[in-house]
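> In this text, residue positions in the sequence shown follow this note's numbering: the first is 6, and each later residue adds one.
My questions will all concern the structure given below.
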Amino acid sequence: MTQGILYCVATPIGNLEDMTGRAKRILAEVDKVYAEDTRVTRNLFTHFGVQNTLASLHDHNEADRVASIRAELEQGMQLALVSDAGTPLISDPGYKLVHALGQEGFRIVPVPGASALVAALSVAGLPTDRFVFEGFLPAKPSARRKLLEGLQNEPRTLVFYESSHRIADMLADVAETFSAGRQVVVLRELTKLYETIYRGSAAELVKQIVTDTNMSRGEFVVVVEGKVQDESQGQLEAINADKVLAILLEELPVKQAAAIAARLTGLPKNQLYKQALAQG
């Protein structure tokens with residue numbers, strides 16, 4: 006018997022017109038659909054006229070579902086996995102299942118579509134060549150601030166999800182931890198009727214959320230500028246690296262000197278290797 010397939014199907018994050026034709030077809034054709042909340046997915050099915058068997062797969066039962074889903078795939082069944090909105094596994098259930106099945110060689114097929122993460126990055130206007138996705142921050146203030154402190158020197162653009170009852174505190178923590186001038190983009194209710202994008206420094210948005218009651222309603226993606234290294238600091242690091250390389254090259258081959266210099270300065274090894282060649 007041919008082994009089955011698990012399709013990871015993206016669904017709209019708000020605007021139902023973002024549902025792809027392929028996603029509708031797959032959800033109608035598979036033997037069963039596993040959903041984070043069957044009630045939410047049933048409403049989606051009703052809107053698009055999809056009729057299929059639904060079963061739940063959420064944070065509390067996912068580990069227990071793996072064995073039965075494995076058995077269904079071994080029988081040749083075609084299955085789909087959806088979350089309440091957006092792309093499965095992106096701050097949603099499914100990791101344990103997909104990890105286990107992937108390790109065992111089962112075929113897992115992505116059916117891409119809406120994603121709040123990608124949608125936010127596409128309009129935030131901050132660098133997108135490199136970014137870090139942190140999902141939801143811890144609910145406890147102390148844990149949230151500790152995690153942010155660990156990210157305060159991160160040079161890549163940072164992306165977070167946040168809820169309405171924590172957005173104000175989260176912005177205040179960003180302003181305090183990263184600096185009041187750090188640029189932030191808050192994206193509220195993406196693709197929905199009241200979609201709104203707020204741009205400004207962390208301090209400006211902290212002030213705005215106090216007076217704008219709509220700014221703390223709905224679901225949020227928060228995009229934060231990475232730490233920008235000032236020019237003088239970069240020049241200082243280059244000078245220090247030159248000194249370190251000069252000393253090491255007196256005793257060591259170029260490749261070894263560059264590797265040790267990278268460990269001492271934190272600068273890229275390839276960059277230091279080129280500097281060492283130039284000095285030699």
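C-beta: ideal position from N, C-alpha, C; glycine also.
As the structure is a prediction and not an experimental result, all values here were calculated from the model.
What do you reckon, are the CB atoms on I10 and Q108 nearer than 8 Å?
In the sequence shown, residue 10 corresponds to position 5, counting from 1. In the sequence shown, residue 108 corresponds to position 103, counting from 1. No. Outside cutoff.
> Who are the Cβ neighbours of M220 in its own chain at under 6 Å, not counting the five residues just before and after it?
The residue you call residue 220 lines up with position 215 of the sequence shown. Contacts found: I214.
> Beta-carbon separation of L59 and L102 under 8 Å?
Counting from 1 along the sequence shown, the entry for residue 59 is found at position 54. Counting from 1 along the sequence shown, the entry for residue 102 is found at position 97. No, they are not a contact pair.
> Cα-Cα, which of G186, P117, G81, A129 is closest to K364?
The displayed coordinates of the chain run from 6 to 285. Any statement about residue 364 would go beyond what the structure contains.
> If you follow the beta strand (DSSP E) that E181 is part of, which residue opens it and which one closes it?
Taking the first residue of the sequence shown as 1, we reach residue 181 at position 176. Unbroken run through E181 is the alpha helix (DSSP H), 172-183; no beta strand (DSSP E).
> Just the C-alpha distance for P160 and D134, rounded to the nearest angstrom, thanks.
Position 155 of the sequence shown, counting from 1, holds the residue named residue 160. Position 129 of the sequence shown, counting from 1, holds the residue named residue 134. Spanning the two alpha carbons is a distance of roughly 12 Å.
> Could you check what DSSP says for I2 in three-state terms: helix, strand or coil?
The question about residue 2 has no answer here: the residues shown for the chain are numbered 6 through 285.
> Mind checking Y39: buried by the 16 CB within 10 Å criterion, or exposed?
In the sequence shown, counting from the first residue as 1, residue 39 sits at position 34. Its Cβ being crowded by 16 or more others within 10 Å, Y39 is buried.
> Rounded to whole angstroms, what is the Cα-Cα separation between G99 and P93?
Taking the first residue of the sequence shown as 1, we reach residue 99 at position 94. Taking the first residue of the sequence shown as 1, we reach residue 93 at position 88. Going by the C-alpha atoms only, they are around 6 Å apart.
> Where S237 and K279 are concerned, what is the direct C-alpha to C-alpha distance, given to the nearest angstrom?
Position 232 of the sequence shown, counted from the start, is the residue given in the question as residue 237. Position 274 of the sequence shown, counted from the start, is the residue given in the question as residue 279. Residue placement at S237 is flagged as unreliable, the pLDDT there being 49, under the threshold of 50; the coordinate-derived value follows with that caveat. S237 and K279: Cα-Cα distance of roughly 21 Å.
> Relative to the C-alpha of L49, which candidate in K29, V35, S127, H65 has its C-alpha closest?
What you label residue 49 is simply residue 44 of the sequence shown in a count that begins at 1. The shortest Cα separation from L49 among K29, V35, S127, H65 belongs to K29.
> Report all residues from its chain with a CB closer than 6 Å to the CB of G231; omit the five preceding and five following residues, and keep chain order.
Indexing the sequence shown from 1 puts residue 231 at position 226. Hits under 6 Å: E159, P160, R161, T162.
> Compute the Euclidean distance between the alpha carbons of D42 and T196, then round it to the nearest angstrom.
Counting from one through the sequence shown, the residue named residue 42 turns up at place 37. Counting from one through the sequence shown, the residue named residue 196 turns up at place 191. Approximately 21 Å, taken between the alpha carbons.
> In whole angstroms, give me the CA-to-CA distance for I18 and F141.
Residue mapping note: residue 18 aligns to position 13 of the sequence shown, counting from 1. Residue mapping note: residue 141 aligns to position 136 of the sequence shown, counting from 1. So the two alpha carbons sit approximately 16 Å from each other.
> On the three-pair Cβ rule with 8 Å, is the region 255-264 touching the region 204-213?
Because the criterion of three Cβ pairs below 8 Å is not met, the region 255-264 and the region 204-213 do not touch.
> If you count every other CB in all the chains shown that lies within 10 Å of the CB of R44, and 16 or more means buried, which is it?
Looking up residue 44 in the sequence shown gives position 39. Burial call: exposed.
> Taking only the alpha-carbon atoms, compute the straight-line gap between D89 and E181 and give it to the nearest angstrom.
Indexing the sequence shown from 1 puts residue 89 at position 84. Indexing the sequence shown from 1 puts residue 181 at position 176. Cα to Cα, the separation comes out at about 34 Å.
> For a quick check, are the C-beta atoms of L32 and A85 less than 8 Å apart?
On the sequence shown, residue 32 is found 27 positions in, with the first residue counted as 1. On the sequence shown, residue 85 is found 80 positions in, with the first residue counted as 1. Contact flag set, yes.
> What is the rounded straight-line gap between the Cα of A173 and the Cα of V233?
Locating residue 173 in the sequence shown gives position 168, counting from the first residue. Locating residue 233 in the sequence shown gives position 228, counting from the first residue. Roughly 24 Å separates the two Cα atoms.
> Look at the Cβ atom of V8, then the Cβ atom of E79, and state whether they are nearer than 8 Å.
Within the sequence shown, the letter at position 3 stands for residue 8. Within the sequence shown, the letter at position 74 stands for residue 79. Reading off the sequence, residue 8 comes out as Gln, not Val. Closer than 8 Å, so yes.
> Can you tell me whether G26 is buried or exposed? The criterion is at least 16 other CB atoms within 10 Å of its CB, across all chains shown.
Here residue 26 refers to the residue found at position 21 when the sequence shown is read from its first residue. G26 should be labelled exposed.
> Could you check the C-alpha separation between V13 and V114 for me, to the nearest Å?
Taking the sequence shown and counting its residues from 1, the one referred to as residue 13 is at position 8. Taking the sequence shown and counting its residues from 1, the one referred to as residue 114 is at position 109. Sequence inspection shows Cys at residue 13; the Val mentioned does not correspond to that position. Roughly 6 Å separates the two Cα atoms.
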